[in-house]
Structures are given as C-alpha cells and as structure tokens.
Amino acid sequence: IPTSLARLEPSPSQRPAEPLGQLHLKAFRSQLSEPLEPERRQEVGSLSLYSPLVYAPQAAAIAFGRALGCSALALLYLGRLANLAAWALLSALAIRIAPARGWAFALLFLTPMAVFQAASLSADNPTNAIALLFVASCLRAAFAPAAAFERREAGAIIAAGLALGLAKPGYWALGALVLLIPGRRFDTSARRWQYSAAVLAAVLLPSIFWQLSVDAAQPYTLTLEANPRAQLEGILSAPFA
Numbered sequence: 002i003p004t005s006l007a008r009l010e011p012s013p014s015q016r017p018a019e020p021l022g023q024l025h026l027k028a029f030r031s032q033l034s035e036p037l038e039p040e041r042r043q044e045v046g047s048l049s050l051y052s053p054l055v056y057a058p059q060a061a062a063i064a065f066g067r068a069l070g071c072s073a074l075a076l077l078y079l080g081r082l083a084n085l086a087a088w089a090l091l092s093a094l095a096i097r098i099a100p101a102r103g104w105a106f107a108l109l110f111l112t113p114m115a116v117f118q119a120a121s122l123s124a125d126n127p128t129n130a131i132a133l134l135f136v137a138s139c140l141r142a143a144f145a146p147a148a149a150f151e152r153r154e155a156g157a158i159i160a161a162g163l164a165l166g167l168a169k170p171g172y173w174a175l176g177a178l179v180l181l182i183p184g185r186r187f188d189t190s191a192r193r194w195q196y197s198a199a200v201l202a203a204v205l206l207p208s209i210f211w212q213l214s215v216d217a218a219q220p221y222t223l224t225l226e227a228n229p230r231a232q233l234e235g236i237l238s239a240p241f242a
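Just so we're aligned, residue 2 is where the sequence shown starts under the numbering used here, counting upward by one.
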C-alpha cells in the first residue's frame with residue numbers, strides 16, 4: 002500500500018481501544034492535507050489473500066476520491082464509508098428476504114463486533130454480510146410455501162453462493178444449507194440434486210481457484226516475520242513440547 006497510508010495516526014492496523022490508536026484532533030487536521038503519493042509503497046502482509054470482491058466497495062470509493070485529488074486520510078475515510086454503506090445494504094436485504102423471523106438476522110448484524118467492523122476497511126465486514134445473505138436466501142427457499150422453485154429465486158441463491166466463494170476462505174461449508182430446500186419445490190428429485198450440486202460448485206470452485214492462484218503467485222505468511230518451515234521443523238522435532 003502507499004507509505005502515506007501506513008504513516009497515518011492511528012494507522013489502519015491499530016485498534017481504537019489501544020492507547021497508541023487514539024486519534025488526536027491536531028494530528029487529524031495536519032494529515033488531512035498530506036498527499037497520497039501512490040508511487041511510494043510498502044508491504045503490509047496478507048491483503049492479497051482475499052479476492053477483490055471483498056474490497057470492491059472500498060476500492061470504488063477510494064478511486065473516486067483519487068480522481069478528486071483527496072488526501073490519504075480522506076481516502077481512508079471514503080473507503081470506510083463505502084464499506085459501511087455496502088454492509089447496511091446487504092444487511093437490509095438479508096433481513097428483508099429472511100423467512101418469518103427475519104429480525105433475528107438484525108440481531109446478528111447488530112452484535113458489537115459486527116457494528117465495530119461496519120465502518121472499517123476490513124474484508125471481514127463484507128464477508129459476514131455476504132454469508133448471512135446466503136443463509137437468509139437458503140432459509141427463505143427452504144421454508145417457502147409449496148410452490149415451484151422460481152428461476153429468479155434459484156439464480157439469486159447461486160449468485161449469493163458465487164459471492165460467498167469469493168469472500169474470505171472458510172465459509173464454503175455454508176453451501177450445504179442448500180440441502181435444506183425440500184424436494185417438493187422441484188419438479189423431480191433429479192432436478193433437486195442437480196441444483197444442489199450447482200450451488201455447491203458456485204461456492205467451492207471460486208474459493209479453490211482463488212486460493213490456488215494466490216499460492217501459485219506468491220507463498221504467503223500471516224506476518225512478515227513468520228517462518229513456516231522453521232515452525233514445522235520445531236513441531237516435528239518436539240511435538241509434545
């Protein structure tokens with residue numbers, strides 16, 4: 002990322018609760034005029050692990066701000082506001098389409114950690130919103146009246162599954178929720194299993210493809226100081242230490 006972003010006080014990686022992460026008004030005002038200087042960059046770790054999808058709202062807002070010549074700090078806040086807007090939109094959509102007790106989803110979206118991350122630049126925020134949107138879509142299809150499975154409804158679940166597959170890894174297991182959709186909503190049993198396989202493929206294949214692409218492009222570590230080879234050798238040499 003540009004070095005100017007890493008120099009911000011507090012930096013994007015610091016938590017507001019930490020003493021060093023508290024923002025002082027004087028520093029805030031001075032940083033509002035500091036340019037981005039995109040040609041000067043530094044490595045920050047594992048941002049490339051995740052697909053561009055979970056950074057799309059932030060990236061779009063930052064690109065708009067760069068076109069206006071905004072400072073590094075202003076770009077940071079534009080990205081956070083865009084992430085907040087995307088979270089609010091996906092949250093409202095999940096609550097709207099969830100069956101009977103859809104407001105139970107509102108409680109999940111309003112948990113302290115979810116609200117804390119809502120206006121951050123983190124990939125966790127869109128990932129959680131996409132995951133709950135997929136869950137709400139599957140539950141709506143599972144508990145709907147005994148009517149034929151509409152093409153629009155089926156396509157929406159597949160689209161949500163594709164987005165889930167391109168979110169942070171580890172959420173692919175939620176794809177199994179498609180199996181909750183009862184057979185009475187399909188013309189034949191064969192169509193039910195074909196559709197279930199299509200949803201599972203929509204969730205799994207993008208996730209697998211992205212992880213293989215990341216591994217092929219550049220081996221990664223969660224911290225720049227980590228040494229996976231030395232860690233593995235230590236575990237094998239003293240497994241019970």
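Ideal Cβ placement from N, Cα and C applies to all residues, glycine included.
Beta-carbon spacing of residue i, residue j below 8 Å
{"i": "Ala89", "j": "Phe106", "result": "no"}
{"i": "Leu54", "j": "Ala164", "result": "yes"}
{"i": "Pro207", "j": "Leu178", "result": "no"}
{"i": "Lys169", "j": "Thr128", "result": "yes"}
{"i": "Leu85", "j": "Ala120", "result": "yes"}
{"i": "Cys139", "j": "Leu201", "result": "no"}
{"i": "Arg141", "j": "Ile209", "result": "no"}
{"i": "Val116", "j": "Leu175", "result": "no"}
{"i": "Leu205", "j": "Trp173", "result": "yes"}
{"i": "Phe150", "j": "Phe187", "result": "yes"}
{"i": "Gln118", "j": "Ala83", "result": "no"}
First and last residue of the uninterrupted alpha helix (DSSP H) at residue i
{"i": "Pro58", "result": "57-68"}
{"i": "Tyr78", "result": "73-98"}
{"i": "Pro146", "result": "Careful: Pro146 lies outside any alpha helix (DSSP H) and carries neither H nor E."}
{"i": "Leu237", "result": "229-238"}
{"i": "Ala105", "result": "104-110"}
Classification of residue i by the beta-carbon crowding that lies within 10 angstroms, buried from 16 upward
{"i": "Ser92", "result": "buried"}
{"i": "Trp211", "result": "buried"}
{"i": "Leu134", "result": "buried"}
{"i": "Phe241", "result": "exposed"}
{"i": "Ser52", "result": "buried"}
{"i": "Glu19", "result": "The predicted model places Glu19 with a pLDDT of 49, which falls under 50 and marks its position as unreliable; any figure quoted below should be read in that light. Burial call: exposed."}
{"i": "Arg230", "result": "exposed"}
{"i": "Ile158", "result": "buried"}
{"i": "Leu233", "result": "exposed"}
{"i": "Ser190", "result": "exposed"}
{"i": "Leu69", "result": "exposed"}
{"i": "Pro100", "result": "exposed"}
{"i": "Gly156", "result": "exposed"}
3 or more residues per run - each beta strand (DSSP E) lying fully within the region 118-187: none
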